[in-house]
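Asker: Below you will find the structure I want to go over with you.
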């Protein structure tokens, strides 16, 4: 009986911690969308594409190893999973490009640093 109460307490703590983390993620996304909207959306697409690719890979493996290949739903399910993986790779590459690209402020700072290096004034 004592073990059941401890399990309920641990489960309650885990649910509260997960809720707190979810709240922090929502606040971070809200602040990120206000300060850097393009980078925040790129980061969200980057993470969602990774999640979709992982789930599609699991589905493709399940379909390949545990489904009869003669069934009519095998081909669309398997190739649909492969298509999701390929689309996720493309989305992640585009999001990575957007994340690695210097911001306008960074480009201005680089331009100022480059012009001040070759300045001949004393």
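Numbering (my numbering), first residue to last: 2 to 123. C-beta atoms are modelled at their ideal positions from N, C-alpha and C, and glycine is treated no differently.
#1: If you draw a straight line from the C-alpha of residue 81 to the C-alpha of residue 71, how long is it?
#2: Whose C-beta lies closer than 7 Å to the C-beta of residue 64 among residues of the same chain, with five residues either side of it excluded?
#3: Using CA coordinates, which residue listed in 16, 24, 96 and 37 is at the minimum distance from residue 50?
#4: Indicate, with yes or no, if the ligand GTP has a heavy atom lying under 6 Å from the CB of residue 65.
#5: Check whether the region 14–29 and the region 48–62 are in contact - that is, three or more C-beta pairs closer than 8 Å.
#6: Starting from the Cα of residue 39, find the closest Cα among 24, 101 and 11 and give me that residue.
Answerer: This is what the structure gives:
#1: 17 Å
#2: 75, 78, 79 and 82
#3: 96
#4: The ligand GTP is not part of this structure, which contains no ligands at all.
#5: no
#6: 101
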